[in-house]
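Notes follow once the structure below has been shown.
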Amino acid sequence: MFEKILRFFVNNSRLNYFLFVFVFLTGIVLYTKTPKEIFPSFDLDMISISGNYAGSSIDMLDKMAVKEIESGLKNIDGIDTMTTVISAGKFNIILELEKRVNKYNTAEKAKDAIALTKQYLPSDMDEPTVRVLDIKRALLSIAISSKVASHGELIEQADKLKDKITLLNNIAEVEIFGDSDKYYDIRLDSDKIQALGLEENSVITALSGLSYIFPIGTVEDPKEGHHFISTYNGPKDAKSMLQSQLRVQGKVFYLKDIASVEKRYEDTATMYSIDTNYAVDLSVKQSNIGNAIELSKAIEAIVEEENLKNKDIIYTIHDNKSEAIKDRLNIVISNILLGLILIALLVALLINKRMSFIISLGIPTSFVMGAAYLYFSGYTINMVSLIGVLIALGIIVDDAIVVSENIQQHIEEGMEPKEAAVVGAKEMFKPVTIASLTTLFAFIPALMLSGTMGEVIKLIPIAVAVLVFASLIESFIFLPIHAAHVLTKEQKTTSWEGVNRIYSWIIHFFMRYKKTFLILFIILVPLLIVLGIKASKFQLFPKFDASTIKITMKANVNTTTEETIKYLKAIEKDLFDNKDRFYIEHVGSVAGSRSDAAGNSETYPYVGQMTIEFQKLKAQNLVDKFITPTLSFYYDEEGRTREDKSVVLAKKLREYLEKQNYKERFKLTDLAIVERKVGPVKSDLKIGLVSDDNQKVMQYAEEIKGALNKVEGIVSVNDSMNYGVDEIKLKINAYGESLGLNEQKLGMLLSNLYLERRMGFAFDSLDLLELKVRSVQKDSLEKLKEFQIKMEDENFVMLKDVVTFNVIKSFEKIIKDTAQKN
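Using this note's numbering, the letters of the sequence shown correspond one by one to residues 1396 to 2217.
Next comes the structure, spelled out in structure tokens:
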């Protein structure tokens, strides 16, 4: 049967060559279409549940919402682990599912569980959102800055650019740092309200009626025609709103008599700066099937167009991940091509020039067939899959050499070339196939690895298997016809008689002293293995030169976002002044968000991070200087001025930060340099302490941290046990109770002024804006204590006279595993 297939493809040479060209060209086209990235993407069997309630402490949020939700989620089958992170005003629950559990069905069950707990949640709390986690890979960032435009104008330009970029295929998300929504900020003056003898709650109730944005109905008059009916939708600007008349408790007055109104942007959760200039930053993320190189080209074209249109606004692309992808692909691809060239030269020198041509033709054919499989299977071309290609390179060469050399021997024996191709390939089919299968069996254990690491590593055996099978197809379908047309009786293989004589003498020498050799072998080999293992240093993934590093910082918990950005800009300015010394291309700072040294994301006003983008690295050796530029597909010589690797620069920057004494100058609790780690690893080791005694946990955590910091080789040790914003518990005293004051009345009264609640909506000339009410004295603790409460007998009492202020220390965040505090 196999012989018939061989003869068919050898005898029908035109069909064979047509298939060969078709497969080769198709593989090249599909290679260009296959997404390219540094590390492979994989599906996350995870569900995220997030919720928020502004102004709530960790303890309150846990008691009133999180515990009830966790209790409902525990009853859902198929959940492997449940991790909860609670911080002031918000929480996030991550559900990691068991294998082969449908994540979309589980997400629906989670929504049902949350719906059942809604009765326990505050009435004005938005329902927690449930979403299936998808892979979103950072692609690039675009900073929008200007010397003349206002912050509002920058946000408008960012929104327009965001709309254009999101129209591109395979763009997963565009997030704007420094963005915020417009709203009407109504600030009530409690002193003026009390001077009029009014209650704050009554005033706030009246304010909610300033605007009605919903339709009223229709009138279908047969004489006058049909009409839709609606209100005017409230005043159209802050000035008009201040002229609004209110009637409260029988008194009529203008809003301007008791409040100020301003149309403003929300206090941004984040503030951004690039190269010492305030800016708005767009972070663009691609889907897991997006081609980073092609997407970055498309975005660069859009940004160039915007720069030409807006002369007063500067659009700067930075932290472009496609540049790093191209550099990594250049290194691996150039090594593969170099290996191919060296193999061709060695085969030509040691065996036969014509055979070298056939083998050189077969190896890229196997590669393009492998690329076609990766495309149709949904995999990407990345560092891991290309490592598999490098490993398989030697196997592919072995198959081609064995088959072609056997065909050459039959031709030299006088057999007709086509017959020699059939006979030679047939004789080698069984041994070559068995050898290939045994090689594949060696890689099967790598497919059995579980978890995130298994998802990353599995591409190596997949790439090897694909190329081995592609090599078998090439060796027994295309190679025989090439051999029949290229190999000749006159072009013999190189004689190895001299080498064989030397090899024979070595073998006879060892056989003459076989006992001595055997004893030395048994002693020396195990000894060298043990010594080698002891001398080796285990590292899951090696370090590589990175194009960026991050400086992450945390200030005192009472620090505002505005103060955080000032600290960052001070450091940023010093670094930018030394940009030639540290080979800095761009420095971008974001206040209000960071990833710490352990890879944990934090969003607080008092945290921030700085991304330092380096210039491109110069060629470090002869291979980088001559071979990589010549054999690469994406090489770009422009801008390669950096002399030092990122590891060296990170060390220099650490020394610089310590010398500048920023930590003490700005009273920071954390200032660290975070170098990018390879693969899915965030931190090398995590230790969890479980106890109901928080003080004991903190005590032992400090002892463990101290011991770990003394261990040589440990760069940083971080923990999540930091105190956050204190919580004040208001307890009504006996005097307050005697006056008829209760917690419900107290809570309703104060929450209207201190939670910055949304009281309604109003249209301006363009947009729908929220109406938010707060007290002018909101951020004064003294004013809170002196807050006047109107009692049932029409008299006023101060808050401090009827309640006790209990200050409770609170953690910055708590982490729970399966509803247990960790």
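Each residue gets a CB set at the ideal place from its N, CA and C atoms; glycine is no exception. Bear in mind that the values here come from a model prediction, so they are computed numbers and not experimental data.
Quiz prompt | Cβ contact check for the segment 1489 to 1501 and the segment 1440 to 1458: 3 or more pairs under 8 Å | solution = With a cut-off of 8 Å, the segment 1440 to 1458 and the segment 1489 to 1501 count as touching, because enough Cβ pairs lie within range.
Quiz item: Which residues bound the alpha helix (DSSP H) around Gly1819?
Solution: Taking the first residue of the sequence shown as position 1, residue 1819 is located at position 424. Taken as a continuous stretch (DSSP letters only), the alpha helix (DSSP H) holding Gly1819 covers Pro1812 to Leu1842.
Self-check item: Val1784, DSSP secondary structure in three states
Solution: Translated into the one-based positions of the sequence shown, residue 1784 becomes position 389. Here Val1784 sits in helix by DSSP.
Practice problem: Could you check what DSSP says for Leu1605 in three-state terms: helix, strand or coil? | Solution: If you number the sequence shown from 1, residue 1605 lands on position 210. Here DSSP, grouped into helix, strand and coil, assigns Leu1605 to coil.
Quiz item: In terms of alpha-carbon separation, which member of Asn2117, Glu2070 and Leu1703 lies closest to Glu2097?
Solution: Residue 2097 sits at position 702 when you count from the first residue of the sequence shown. Of the candidates Asn2117, Glu2070 and Leu1703, the one whose C-alpha sits nearest the C-alpha of Glu2097 is Asn2117.
Self-check item: Start-to-end residues for the beta strand (DSSP E) that takes in Ser1482
Solution: Within the sequence shown, the letter at position 87 stands for residue 1482. For Ser1482, the enclosing beta strand (DSSP E) stretches over residues Ile1474 to Ser1482.
Quiz prompt | Residues of its chain near Asp1940, where Cβ-Cβ distance is below 8 Å and the 5 sequence neighbours each way are ignored | solution = Numbered from its first residue, the sequence shown carries residue 1940 at position 545. Excluding the 5 residues flanking it on each side, Asp1940 has same chain C-beta neighbours closer than 8 Å at Leu2012, Lys2040, Ser2041 and Val2042, in chain order.
Practice problem: Put Gly2003 into one of helix, strand or coil per three-state DSSP. | Solution: Sequence index remark: in the sequence shown, residue 2003 carries index 608 (1-based). Three-state result, Gly2003: strand.
Quiz item: What did DSSP end up calling Asp1793 once you bin it into helix, strand or coil?
Solution: For the purposes of this step, residue 1793 is taken as residue 398 along the sequence shown, with counting starting at 1. Here Asp1793 sits in helix by DSSP.
Quiz item: Skipping 5 residues on each side, what residues in its chain have a beta carbon closer than 7 Å to that of Ser1655?
Solution: Taking the first residue of the sequence shown as position 1, residue 1655 is located at position 260. Hits under 7 Å: Arg1582.
Quiz prompt | Nearest to Val1779 (by Cα), restricted to the options Ser1436, Leu1733, Lys1399 and Tyr1673 | solution = Taking the first residue of the sequence shown as 1, we reach residue 1779 at position 384. Of Ser1436, Leu1733, Lys1399 and Tyr1673, the residue nearest in Cα terms is Ser1436.
Practice problem: Return yes when the Cβ of Tyr1578 is within less than 8 Å of the Cβ of Glu1957, no when it is not. | Solution: Translated into the one-based positions of the sequence shown, residue 1957 becomes position 562. Translated into the one-based positions of the sequence shown, residue 1578 becomes position 183. Taking C-beta atoms as the reference points, Glu1957 and Tyr1578 fail to come closer than 8 Å.
Quiz item: Are the beta-carbon atoms belonging to Gly1547 and Lys1485 less than 8 Å from one another?
Solution: As a first step, residue 1547 is located in the sequence shown; it is residue number 152 there, counting from the start. As a first step, residue 1485 is located in the sequence shown; it is residue number 90 there, counting from the start. Taking 8 Å as the Cβ cut-off, Gly1547 and Lys1485 do not qualify as a contacting pair.
Quiz prompt | Where Gln2015 falls, given that 16 or more other Cβ within 10 Å makes a residue buried | solution = The count along the sequence shown starts at 1 and reaches residue 2015 at position 620. Per the 10 Å Cβ criterion, exposed.
Practice problem: Using beta-carbon positions only, say whether Ile1790 and Ser1866 come within less than 8 Å of one another. | Solution: Along the sequence shown, read from residue 1 onward, the residue named residue 1790 stands at position 395. Along the sequence shown, read from residue 1 onward, the residue named residue 1866 stands at position 471. Less than 8 Å divides the Cβ of Ile1790 from the Cβ of Ser1866.
Self-check item: 8 Å Cβ cutoff met for Asn1725 and Tyr2029
Solution: Against the sequence shown, residue 1725 aligns to sequence position 330. Against the sequence shown, residue 2029 aligns to sequence position 634. In this structure, Tyr2029 lies closer than 8 Å to Asn1725 by Cβ.
Quiz item: Contact between the segment 1683 to 1697 and the segment 1552 to 1564: three or more CB pairs below 8 Å?
Solution: Counting C-beta pairs with one atom in each stretch, the segment 1683 to 1697 and the segment 1552 to 1564 have three or more that are closer than 8 Å, which means they touch.
Quiz item: Ends of the beta strand (DSSP E) at Arg1532?
Solution: For the purposes of this step, residue 1532 is identified with residue 137 of the sequence shown, where counting begins at 1. Counting along the chain, the beta strand (DSSP E) containing Arg1532 begins and ends at Arg1532 to Ser1541.
Exercise. Could you have a look at Arg1495 and say whether DSSP puts it in helix, strand or coil?
Key: Taking the sequence shown and counting its residues from 1, the one referred to as residue 1495 is at position 100. Coil at Arg1495, not helix or strand.
Quiz item: Since Ser2027 contacts Ile1453 with CB under 8 Å, what's their CB separation in whole angstroms?
Solution: Counting from one through the sequence shown, the residue named residue 2027 turns up at place 632. Counting from one through the sequence shown, the residue named residue 1453 turns up at place 58. Cβ atoms of Ser2027 and Ile1453 stay farther apart than 8 Å, at about 52 Å.
Quiz prompt | Nearest neighbour of Ser1635, chosen from Asp2159, Glu2207, Lys2208 and Asn2201 [CA to CA] | solution = Here residue 1635 refers to the residue found at position 240 of the sequence shown. The residue with the shortest Cα to Cα distance from Ser1635 is Asp2159.
Self-check item: Inter-residue Cα distance where the pair is Tyr2130 and Lys2180
Solution: Here residue 2130 is taken as the residue at index 735 of the sequence shown, counted from 1. Here residue 2180 is taken as the residue at index 785 of the sequence shown, counted from 1. Each residue's alpha carbon lies about 16 Å from the other.
Quiz item: With C-beta atoms as the reference, is Asp1670 less than 8 Å away from Val1982?
Solution: The residue labelled residue 1670 in the question sits at position 275 within the sequence shown. The residue labelled residue 1982 in the question sits at position 587 within the sequence shown. It is a contact, given that the beta carbons lie within the stated cut-off.
Quiz prompt | Three-state secondary structure assigned by DSSP to Val1525 | solution = If you number the sequence shown from 1, residue 1525 lands on position 130. Strand, per DSSP.
Quiz item: If you draw a straight line from the alpha carbon of Ala2103 to that of Leu1516, how long is it in whole angstroms?
Solution: In the sequence shown, the residue the question calls residue 2103 occupies position 708. In the sequence shown, the residue the question calls residue 1516 occupies position 121. For clarity, residue 2103 is Leu in the given sequence; the question names Ala instead. Distance between the alpha carbons of Leu2103 and Leu1516: 42 Å.
Quiz item: Given Gly1685, which residues of its chain have a CB within under 8 Å of its CB, disregarding the five upstream and five downstream residues?
Solution: Numbered from its first residue, the sequence shown carries residue 1685 at position 290. The beta carbon of Gly1685 sits closer than 8 Å to the beta carbons of Pro1430, Arg1532, Leu1534, Asn1564, Asn1565, Ile1566 and Ala1567 from its chain, once the five residues preceding and following it are set aside; these are given in chain order.
Quiz item: Can you check whether the CB of Ala1510 is closer than 8 Å to the CB of Leu1490?
Solution: Locating residue 1490 in the sequence shown gives position 95, where the first residue counts as 1. Locating residue 1510 in the sequence shown gives position 115, where the first residue counts as 1. Cβ distance not < 8 Å, so Leu1490 and Ala1510 don't count as in contact.
Quiz prompt | Limits of the beta strand (DSSP E) - the one that Tyr1649 falls within | solution = Numbered from 1 along the sequence shown, position 254 holds the residue referred to as residue 1649. If you look at Tyr1649, you'll find it in the beta strand (DSSP E) that goes Lys1646 to Tyr1649.
Self-check item: Own chain partners of Tyr1770 with C-beta closer than 8 Å, once the 5 adjacent residues on each side are dropped
Solution: Residue mapping note: residue 1770 aligns to position 375 of the sequence shown, counting from 1. Counting only Cβ-Cβ distances below 8 Å, and skipping sequence neighbours, we find Leu1425, Tyr1426, Lys1428 and Thr1429.
Quiz item: Leaving out five residues before and five after Glu2021 in sequence, what residues of the same chain have Cβ atoms less than 7 Å from its Cβ?
Solution: The residue you call residue 2021 lines up with position 626 of the sequence shown. Inspection of the sequence shows that residue 2021 is occupied by Phe rather than by Glu. When the five nearest sequence neighbours on each side are left out, no beta carbon in the same chain lies closer than 7 Å to the beta carbon of Phe2021.
Quiz item: Thinking C-alpha only, which one of Met1843, Asn2113, Val1920 and Asn1951 is nearest Ser1996?
Solution: Working through the sequence shown from its first residue, we reach residue 1996 at position 601. The residue with the shortest Cα to Cα distance from Ser1996 is Asn2113.
Self-check item: Every unbroken beta strand (DSSP E) within the segment 2006 to 2049, with a cutoff of 3 residues, ordered by chain
Solution: Complete beta strand (DSSP E) runs here, min 3: 2035 to 2037.
Quiz item: Do Val1881 and Arg1749 come within 8 Å of each other at the CB atom, strictly closer than that value?
Solution: Here residue 1749 refers to the residue found at position 354 of the sequence shown. Here residue 1881 refers to the residue found at position 486 of the sequence shown. Yes. Within cutoff.
Practice problem: Check each candidate in Phe1572, Glu1869 and Leu2144 and name the one with the smallest Cα separation from Tyr1673. | Solution: Counting from one through the sequence shown, the residue named residue 1673 turns up at place 278. When each option's Cα is compared against that of Tyr1673, the closest is Phe1572.
Quiz prompt | Span of the alpha helix (DSSP H) around Pro1610 | solution = The count along the sequence shown starts at 1 and reaches residue 1610 at position 215. Where Pro1610 is concerned, there is no enclosing alpha helix (DSSP H), although the beta strand (DSSP E) it sits in stretches over Pro1610 to Asp1616.
Quiz item: Just reading off the beta strand (DSSP E) that Lys1949 is part of, what are its end residues?
Solution: For the purposes of this step, residue 1949 is taken as residue 554 along the sequence shown, with counting starting at 1. Where Lys1949 is concerned, the enclosing beta strand (DSSP E) starts and stops at Thr1943 to Lys1949.
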